[in-house]
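To start, the structure itself, in structure tokens.
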Amino acid sequence: FEPKMWGPSIIGFGSYHYKYASGREGDAPLIAFSPRKDAFSLYVHSQTEASKDLLSELGKYKITKACIYVKKLSDINVPILEKICRETFAYLEEHHECSCHQK
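Numbers in this note's numbering are just positions in the sequence shown, counted from 1, shifted up by 3.
This is how it looks when you write it as structure tokens:
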């Protein structure tokens, strides 16, 4: 996927369309990152069981619902991050209308 700016500081790859039960809908990147002052923000869907299992092997990080914060890349296991990204693609492809279908 080609990189795309999502706002002033988020670099995303691919896209998917979401719609909440409330009726709110929009588009978001499949995966994205943002180089912040204190840490890199990695926007990946980390709620699947497979992703949760992989997190134990990722290394040193902090996490919120859909964001992993990493101080420096040497703190994490990059091949494990790649697997989490693949899980993200698979989950979003299964549950949302996404640019995955165009590749």
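Yeah, the Cβ is synthetic: ideal placement off N, Cα and C, and Gly gets one too.
Under the three-state reduction of DSSP output, serine 54 falls in the helix class.
Here the segment 91-105 lies against the segment 11-23, with 3 or more beta-carbon pairs under 8 Å apart. Rounded to whole angstroms, the separation of the alpha carbons of tyrosine 23 and histidine 48 is 16 Å.
Burial check for serine 12: the Cβ neighbour count within 10 Å stays below 16, so the residue is exposed. The straight-line gap separating the alpha-carbon atoms of glutamate 28 and tyrosine 21 is approximately 5 Å.
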